[in-house]
Amino acid sequence: MMIYGAECWPANRKHTNKINIAEMRMLRCMCGYTQKDRMKNEYIRKKVCVAPIEDKLRECRLR
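The opening residue of the sequence shown carries number 0 in numbering that gives the first Met the number 0; numbering runs sequentially from there.
Listed below in structure tokens is the structure:
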């Protein structure tokens with residue numbers, strides 16, 4: 000839902016970082032972790048079985 004229409008967006012690092020931060024907040028909430036728990040993003044992504052948002056954005060642009 001967050002990357003709907005991403006193929007039309009400019010390839011801007013600032014936007015990608017903001018989307019990545021929002022995604023990680025949602026994933027941490029789903030797992031029951033907070034930033035104070037100091038869990039690595041890779042660990043959380045493996046636990047939830049989710050690919051990095053950068054890969055998804057790149058895939059959307061290639062279509």
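Positions of the beta carbon are idealized from the N, C-alpha and C atoms, including for glycine. On a predicted model such as this, the values are computed, not experimentally measured, just so you know.
Mind checking which residues open and close the alpha helix (DSSP H) that includes residue i?
| i | result |
| --- | --- |
| residue 25 | 12-30 |
| residue 42 | 40-47 |
| residue 55 | 52-61 |
Apply the 10 Å Cβ neighbour rule to residue i and answer buried if 16 or more other Cβ atoms are within range, or exposed otherwise.
| i | result |
| --- | --- |
| residue 56 | buried |
| residue 23 | buried |
| residue 10 | exposed |
| residue 21 | exposed |
| residue 50 | exposed |
Do the CB positions of residue i and residue j come within less than 8 Å of each other?
| i | j | result |
| --- | --- | --- |
| residue 26 | residue 43 | yes |
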